[in-house]
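If you read the sequences in order, they're chains C, Y, F and B.
Residues in the first sequence are numbered from 1 upward in steps of one, following our numbering.
Residues in the second sequence are numbered from 1 upward in steps of one, following our numbering.
Residues in the third sequence are numbered from 1 upward in steps of one, following our numbering.
Residues in the fourth sequence are numbered from 1 upward in steps of one, following our numbering.
Heads up, the beta-carbon is just placed ideally off N, CA and C, and yes, glycines get one too.
In this text the structure is predicted, and so the values were computed from the model without any measurement.
Number of protein chains: 4
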Amino acid sequence: MTELGIAMIGHAFMGAAHSQAWRVAPRFFDLPLRPVMSVLAGRDAGRAAAAADRLGWAEAVTDWRSVLERDDVHVVDICTPGDTHAEIAIAALDAGKHVLCEKPMANTVAEAVAMAEAAERAAARGVRAMVGFSYRRVPALGLARDLVARGRLGRIHHVRAQYLQDWIVDPAAPLSWRLDKAKAGSGALGDIGAHIVDATQFILGDTIREVVGTMETFVTERPLATEHSGLSGTASDETGPVTVDDAALFLARFAGGALGSFEATRFANGRKNALRIEVNGSAGSLAFDFEDMNVLQFFDGTEDSAVAGFRRIVVTEPEHPYVGSWWPAGHGLGYEHAFTHQVVDFVRAVAEGTDPAPTFADGLRVQRVLAAVEDSAASGTWHQV
Amino acid sequence: MTELGIAMIGHAFMGAAHSQAWRVAPRFFDLPLRPVMSVLAGRDAGRAAAAADRLGWAEAVTDWRSVLERDDVHVVDICTPGDTHAEIAIAALDAGKHVLCEKPMANTVAEAVAMAEAAERAAARGVRAMVGFSYRRVPALGLARDLVARGRLGRIHHVRAQYLQDWIVDPAAPLSWRLDKAKAGSGALGDIGAHIVDATQFILGDTIREVVGTMETFVTERPLATEHSGLSGTASDETGPVTVDDAALFLARFAGGALGSFEATRFANGRKNALRIEVNGSAGSLAFDFEDMNVLQFFDGTEDSAVAGFRRIVVTEPEHPYVGSWWPAGHGLGYEHAFTHQVVDFVRAVAEGTDPAPTFADGLRVQRVLAAVEDSAASGTWHQV
Amino acid sequence: MTELGIAMIGHAFMGAAHSQAWRVAPRFFDLPLRPVMSVLAGRDAGRAAAAADRLGWAEAVTDWRSVLERDDVHVVDICTPGDTHAEIAIAALDAGKHVLCEKPMANTVAEAVAMAEAAERAAARGVRAMVGFSYRRVPALGLARDLVARGRLGRIHHVRAQYLQDWIVDPAAPLSWRLDKAKAGSGALGDIGAHIVDATQFILGDTIREVVGTMETFVTERPLATEHSGLSGTASDETGPVTVDDAALFLARFAGGALGSFEATRFANGRKNALRIEVNGSAGSLAFDFEDMNVLQFFDGTEDSAVAGFRRIVVTEPEHPYVGSWWPAGHGLGYEHAFTHQVVDFVRAVAEGTDPAPTFADGLRVQRVLAAVEDSAASGTWHQV
Amino acid sequence: MTELGIAMIGHAFMGAAHSQAWRVAPRFFDLPLRPVMSVLAGRDAGRAAAAADRLGWAEAVTDWRSVLERDDVHVVDICTPGDTHAEIAIAALDAGKHVLCEKPMANTVAEAVAMAEAAERAAARGVRAMVGFSYRRVPALGLARDLVARGRLGRIHHVRAQYLQDWIVDPAAPLSWRLDKAKAGSGALGDIGAHIVDATQFILGDTIREVVGTMETFVTERPLATEHSGLSGTASDETGPVTVDDAALFLARFAGGALGSFEATRFANGRKNALRIEVNGSAGSLAFDFEDMNVLQFFDGTEDSAVAGFRRIVVTEPEHPYVGSWWPAGHGLGYEHAFTHQVVDFVRAVAEGTDPAPTFADGLRVQRVLAAVEDSAASGTWHQV
Ligand SMILES: NC(=O)C1=CN([C@@H]2O[C@H](COP(=O)(O)OP(=O)(O)OC[C@H]3O[C@@H](n4cnc5c(N)ncnc54)[C@H](O)[C@@H]3O)[C@@H](O)[C@H]2O)C=CC1
Ligand SMILES: NC(=O)C1=CN([C@@H]2O[C@H](COP(=O)(O)OP(=O)(O)OC[C@H]3O[C@@H](n4cnc5c(N)ncnc54)[C@H](O)[C@@H]3O)[C@@H](O)[C@H]2O)C=CC1
Ligand SMILES: NC(=O)C1=CN([C@@H]2O[C@H](COP(=O)(O)OP(=O)(O)OC[C@H]3O[C@@H](n4cnc5c(N)ncnc54)[C@H](O)[C@@H]3O)[C@@H](O)[C@H]2O)C=CC1
Ligand SMILES: NC(=O)C1=CN([C@@H]2O[C@H](COP(=O)(O)OP(=O)(O)OC[C@H]3O[C@@H](n4cnc5c(N)ncnc54)[C@H](O)[C@@H]3O)[C@@H](O)[C@H]2O)C=CC1
């Protein structure tokens with residue numbers, strides 16, 4: 001089988017998740033190409049080498065640009081903070097490498113536009129680009145989209161989406177890069193709000209047209225971090241300013257007429273990773289909470305009302321998206337599986353010569369929504385996306 | 001409208017629940033007879049008078065026998081401990097009074113046989129008798145029975161029934177009459193186990209044929225109670241022996257082939273009144289928990305498995321049993337409503353000249369199951385009912 | 001005991017709920033005055049008489065003004081649509097009658113101001129006024145307020161409140177008075193949105209300072225209703241325009257700094273009466289859903305994280321608000337009990353000579369929030385309350 | 001790092017789960033030895049080779065005995081049906097190979113005794129043996145055991161354990177080896193009942209002393225399977241007898257005094273893999289359902305009853321068993337992770353020279369319980385374990 005050489009840039013939280021995906025995907029899914037975990041790029045030689053060893057990459061380098069020149073690298077998998085995405089992705093695409101880029105696609109609309117253009121140029125040459133909105137690949141959300149697409153919800157009236165976390169409710173939690181606008185672009189908005197923007201647009205097959213929102217930083221000064229990765233870190237004695245939002249809320253109108261209510265926060269005490277989506281339509285409703293990720297609630301409004309009710313569909317049947325390749329019914333999946341599914345779809349699209357979704361155009365569309373929310377929060381009025 | 005004079009014996013926990021039922025039923029339901037809360041009987045004149053005033057009875061007496069002689073009394077409503085049921089019920093029936101008798105119907109099978117015979121004699125004269133298995137009148141359980149009767153579950157394979165409470169998990173909880181075999185007949189078995197025996201037989205439209213079980217008294221000595229009513233009381237300095245079971249568990253086989261697992265306990269820490277029933281059939285399943293009493297879970301096994309799941313039916317639709325007389329959908333009922341429904345069905349049966357269910361024959365059938373469990377617990381083998 | 005004569009105006013949905021409350025309150029609670037259900041006022045003589053008989057009122061009249069002149073009437077209980085509240089309440093207060101007025105207090109801020117002024121005048125003469133925001137008296141929400149007041153949640157960051165119903169998702173549902181701006185003032189906003197505005201302000205002990213919102217009418221033309229009461233009605237062949245909102249959504253900022261997200265809709269398919277409130281604070285969180293009304297979820301963020309989690313508090317313990325007067329733990333209450341508690345507090349306040357909450361000033365505060373939402377929906381910008 | 005060569009026997013359902021565990025464990029956990037997926041043994045050369053390729057094993061053989069002679073094999077991992085366990089395990093241990101053997105350990109007590117003896121002999125030579133009761137390694141159940149061990153539940157009164165599946169509720173489901181007594185030893189009892197026996201003994205740190213039970217085969221004749229693996233298969237036109245139980249129920253008494261109620265069934269329509277355990281003690285309770293596997297419900301009975309309630313602990317905190325090596329809080333694990341944890345503990349024990357639990361002695365103890373249930377089902381009386 002033809003090999004598909006992968007270079008991964010960044011090797012911490014997402015680095016571990018993506019490595020697991022590359023490693024595991026071919027063991028459970030029939031892939032048309034054999035992914036090879038060729039090289040990992042980090043900034044520090046020692047840490048990169050240790051990571052490559054731990055995560056199972058053949059080699060480690062400290063200059064990500066070097067991987068673009070290698071013939072054994074066909075894919076660049078970007079797992080670094082948002083400020084680096086545009087530069088790496090555009091360079092990789094221009095070098096003829098397929099790109100899987102973590103979300104949010106960029107830190108600004110300008111960057112995202114440039115990336116989408118690069119992706120379009122690349123596509124003309126058969127080079128593919130995809131954004132890592134991994135929650136699309138949670139089977140329950142795939143099923144949600146199917147139900148909407150098949151008309152089981154009828155005309156959509158309401159979308160209610162929240163992404164609730166609590167990892168910095170403690171004012172002593174340190175200033176990781178996620179709290180630094182220069183690195184992260186925004187706070188809760190881009191980090192987790194981006195996911196519910198993408199996921200709801202995906203489920204509805206519709207786009208957000210206008211928004212009105214507000215953003216808030218509850219704790220404006222925090223200890224600097226001596227070391228950090230993913231969501232954890234160690235606090236130092238010095239402090240610095242938090243330059244991003246702790247929470248972002250907005251109302252939205254979809255092009256198709258649905259009303260949306262969105263909230264992303266890192267201050268929802270007791271909610272660890274509660275990505276929740278509820279959709280109400282003229283014929284039915286559905287509800288999802290990532291804290292119970294193998295379940296989709298579905299209300300069929302066409303049933304006799306004496307026996308109608310939200311059904312707790314355990315999304316582990318062979319006919320559910322992706323599930324047939326894993327375990328028997330009732331043997332649930334975990335967080336990382338969505339990343340494996342992402343890699344499966346990516347590899348298949350590359351092999352088939354199609355554009356894997358979410359495309360960079362989709363990523364740009366999300367970016368425009370985030371920007372409209374920020375603009376709205378500043379102006380206090382509705383903004384078109 | 002013709003009046004139906006009621007005499008109630010006993011006036012504490014059930015006294016309050018039954019009073020509420022008599023008071024409220026005609027306000028929400030069309031009754032063919034107008035219940036009149038004529039007289040309440042207690043043992044202590046002062047307390048009985050106070051109770052009559054509080055609960056809304058026209059009069060109070062201390063000798064329950066006196067009410068049997070009154071022409072303005074047509075119904076005797078027995079709300080006293082189990083040791084008194086047989087004597088009062090038989091006397092009342094023989095005096096031509098309709099009887100609503102609290103559960104468990106009696107403390108022994110012998111008493112229950114005598115009561116069932118008295119009921120049969122009475123029925124021949126148009127006098128009615130009913131046992132107060134109130135949970136039958138929770139709308140969700142009425143719906144459960146309907147679903148089984150309409151074949152929505154197919155052939156029944158499994159019944160799983162638990163009645164879990166924790167009100168005496170504290171060893172300092174006093175020795176109320178419920179812990180005294182002479183008064184109560186048995187402990188958890190007759191007090192709450194009787195409910196799940198009746199409710200499952202009711203839902204299935206089937207009877208338990210044989211059982212094997214065990215009983216346990218975890219705390220064998222407790223402070224005497226200086227005063228008590230319902231589930232609460234005050235402890236004294238002296239102690240006495242607990243003469244009933246704290247918990248009773250048994251396996252059962254129904255006549256129709258279903259396998260049952262039953263458990264009644266007062267030691268399930270944190271479970272306040274968790275009457276839970278799950279039924280699995282060849283075509284579907286249902287599940288109920290009284291801690292969420294307005295909900296019935298229903299699994300329709302004939303659905304496409306991609307969208308099948310336990311449905312959380314909120315049993316508050318107008319077409320659900322009894323519900324149409326109350327509030328709009330979603331405005332749930334409480335504990336006491338089942339007693340109101342009980343009174344409604346009782347009054348209607350009296351007016352129509354039919355036997356209100358559960359009849360004393362049904363009560364006897366439950367009693368035989370309880371006795372078989374006790375026998376089995378003693379012998380260690382299966383016992384026929 | 002001194003009697004407290006009640007006159008009730010309107011006798012359909014709320015009429016039944018209030019009647020039940022007046023009837024039942026003295027049976028379970030020690031009241032300093034004995035409520036007497038003296039007279040009911042309706043517009044149609046026949047229907048009023050039938051209602052009085054069914055609901056248990058001594059007398060029926062067709063002119064509500066007549067009750068203001070009666071010496072045996074001390075309380076006027078207003079259970080009519082919003083367009084009548086101001087006129088009746090002001091007349092009653094000026095006539096020296098205590099007033100219990102259903103929510104929303106009025107249809108406009110101007111009316112509400114006049115009512116609050118009348119209440120202030122009346123209070124000076126010992127005459128009391130209260131608004132029927134009944135959900136305040138659901139024990140779980142009383143406990144929620146207690147927890148916030150006792151600092152168990154710390155500084156409040158987030159409030160998430162939804163009131164979701166689906167009773168007009170069917171476009172064939174008829175045009176009841178609730179869909180007529182002249183009668184109802186607004187649609188989902190005033191009918192159910194008012195409840196979550198009041199309830200969140202109550203729980204937080206804080207007020208909403210500014211809002212930005214949007215409103216939507218999904219179905220703009222409906223069959224006229226030939227007859228209707230509460231939430232149900234019969235459709236005729238003619239149609240007419242819907243003049244109110246089907247859904248209203250808004251973001252809010254509380255004076256104390258909390259961010260709020262509110263949504264009221266009658267188009268949430270499958271949600272029957274889902275009044276949901278979630279509050280996140282620096283020390284903990286709580287969550288409530290009226291579809292499981294006897295439960296409050298509480299997260300104590302000060303606990304060791306290995307054993308922390310949202311606790312499902314079954315709010316049926318004797319020490320919970322109002323509960324001790326009812327049944328043993330685990331024997332839940334229903335929809336109507338909040339109305340009974342409302343009457344209990346009202347009667348006690350009248351007897352004690354204090355102002356029962358929510359006062360007309362509270363009602364006005366809610367009205368101002370509703371008006372700010374409407375203004376914001378029209379202008380597309382934030383509005384101060 | 002020293003290598004630990006693995007040979008896996010059997011390569012279907014458990015083969016895939018164990019392969020994933022060997023592959024993934026060293027990527028997330030610090031292991032003292034480096035597992036090498038050396039060789040896989042199957043019966044058919046073609047299928048074994050395909051499996052080795054798919055699952056990532058260096059080599060495939062058709063004679064499992066051959067692997068015992070290889071120096072590069074240090075561990076034999078048995079993933080075949082129960083009838084083969086004793087022979088393979090004893091041979092492997094006697095050949096000086098560490099053994100990880102799937103559950104139930106054997107098909108009979110006699111086999112299990114021989115295996116336990118072999119394990120004891122082997123231990124004397126530093127060779128280790130472990131049984132694959134994988135659910136012990138679900139973090140929530142590890143936490144459950146911790147809570148019991150730390151006394152947070154006090155004296156244990158009740159254990160309620162169910163393992164509910166529905167994969168053969170359809171009478172047309174084919175006769176896989178799991179329905180053949182010669183291969184499987186028993187049906188639901190050994191396949192899934194064994195798990196709840198082990199898990200409850202593990203959580204309590206106690207053993208079952210006596211049982212009374214019953215077993216049932218609802219569908220006694222089924223189509224033969226043309227092909228099958230794990231829980232799925234293809235039906236042929238011929239039929240054959242089902243020689244095992246579809247369901248097994250029993251009551252139990254633990255040595256420490258707790259009462260247990262157990263049920264294992266493949267006929268619980270709608271329940272896919274509902275391994276449920278509830279434990280009630282004098283100081284608290286806990287509840288678990290594998291359909292929500294990242295959650296443990298815990299009731300702390302020592303709390304003020306006004307705020308006590310079952311806590312939904314999301315068992316994804318760094319301090320929870322195994323979790324710290326995976327993802328941030330709230331990013332749940334799936335079915336396969338328990339197998340990874342099993343491998344981690346196994347490798348560590350091998351390196352440290354300690355006996356990994358559950359030992360073969362533990363496996364034998366479970367086997368004795370299963371045998372006692374079968375004996376009891378036959379005799380209708382209680383049996384000592
Ligand atoms: N799909 C999803 O659900 C998630 C997506 N993400 C996204 O993944 C990306 C990475 O986030 P995490 O892995 O959580 O962060 P992290 O802090 O755990 O790891 C970032 C990695 O990037 C490396 N890095 C940082 N700056 C670099 C540079 N200039 N050049 C090369 N390497 C650099 C760091 O050394 C580290 O290895 C972000 O865009 C984030 O939004 C993060 C978490 C979940
Ligand atoms: N349907 C249901 O769900 C329930 C049924 N019950 C049943 O109701 C009956 C009464 O139980 P509770 O009301 O809970 O008990 P309780 O202790 O609250 O009240 C018993 C009442 O009977 C009176 N009483 C006792 N012995 C008497 C005698 N010899 N003569 C006259 N009056 C006597 C007492 O003074 C007291 O008023 C029992 O059979 C019990 O099993 C109890 C609770 C719930
Ligand atoms: N607290 C709560 O949760 C609830 C409050 N409400 C409020 O209660 C009030 C009444 O609502 P419902 O009872 O649901 O309405 P409904 O339509 O069921 O009853 C209205 C009653 O008012 C009478 N009525 C109407 N116009 C009248 C007039 N001009 N003069 C005298 N009587 C008149 C009608 O004949 C009818 O008896 C409204 O303000 C509503 O917002 C309603 C439902 C729940
Ligand atoms: N820990 C757990 O939760 C689970 C444990 N199990 C246990 O794992 C074992 C295997 O079950 P599954 O993998 O589900 O079965 P399966 O039917 O999926 O696979 C059995 C494998 O064993 C092979 N095999 C059968 N007989 C053989 C023989 N005589 N020699 C060599 N290979 C042979 C088959 O070719 C197949 O590869 C059983 O003991 C079962 O009880 C199964 C499922 C879950």
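How should residue i be labelled, buried or exposed, when 16 other C-beta atoms within 10 angstroms of its C-beta is the threshold for buried?
| i | result |
| --- | --- |
| Y:Met-293 | buried |
| Y:Leu-1 | Correcting the residue identity first, residue 1 of chain Y is Met in this sequence and not Leu. Classification of Y:Met-1: exposed, given that the 10 Å Cβ count is below 16. |
| F:Thr-220 | exposed |
| Y:Arg-121 | exposed |
| C:Thr-354 | exposed |
| Y:Pro-241 | exposed |
| B:Asp-300 | buried |
In the DSSP output, which residue or residues are listed as bridge partners for residue i?
| i | result |
| --- | --- |
| F:Val-36 | F:Gly-5 |
| F:Pro-241 | F:Glu-221 |
| F:Asp-389 | Any property of residue 389 of chain F remains undetermined from this structure, which presents chain F solely from 1 to 385. |
| F:Val-61 | F:Ala-41 |
| B:Gly-284 | B:Asp-300 |
| B:Val-159 | B:Gly-260, B:Val-279 |
| Y:Ser-232 | Y:Ser-229 |
| Y:Cys-101 | Y:Ile-78, Y:Val-131 |
| C:Ile-313 | C:Leu-296 |
| C:Glu-210 | C:Arg-253, C:Gln-384 |
So residue i and residue j are in contact, right, with Cβ under 8 Å, and what is the actual spacing, rounded?
| i | j | result |
| --- | --- | --- |
| Y:Trp-382 | Y:Val-169 | Going by Cβ atoms, the distance from Y:Trp-382 to Y:Val-169 rounds to 30 Å, so no, they are not a contact pair. |
| Y:Ala-462 | Y:Gly-185 | Residue 462 of chain Y falls outside the range modelled here, since chain Y spans only 1 to 385, and no answer is possible. |
| Y:Gly-284 | Y:Phe-298 | 7 Å |
Inset, instruction - Using a Cβ-Cβ cut-off of less than 7 Å, list which residues of the segment 302 to 314 of chain C approach chain B; keep chain order. - result: Val-314
Inset, instruction - Pull out every residue of the segment 280 to 291 of chain F whose Cβ sits closer than 9 Å to any Cβ of chain B, in chain order. - result: none
Legend entry - Contact list for the segment 219 to 253 of chain B against chain C, Cβ threshold 8 Å: For the segment 219 to 253 of chain B, which is checked against every Cβ of chain C, the residues closer than 8 Å are Gly-230, Leu-231, Ser-232.
Legend entry - Residues in the segment 260 to 276 of chain C having any Cβ partner in chain F nearer than 7 Å: Ser-261, Glu-263, Thr-265, Phe-267, Ala-268, Asn-269, Gly-270
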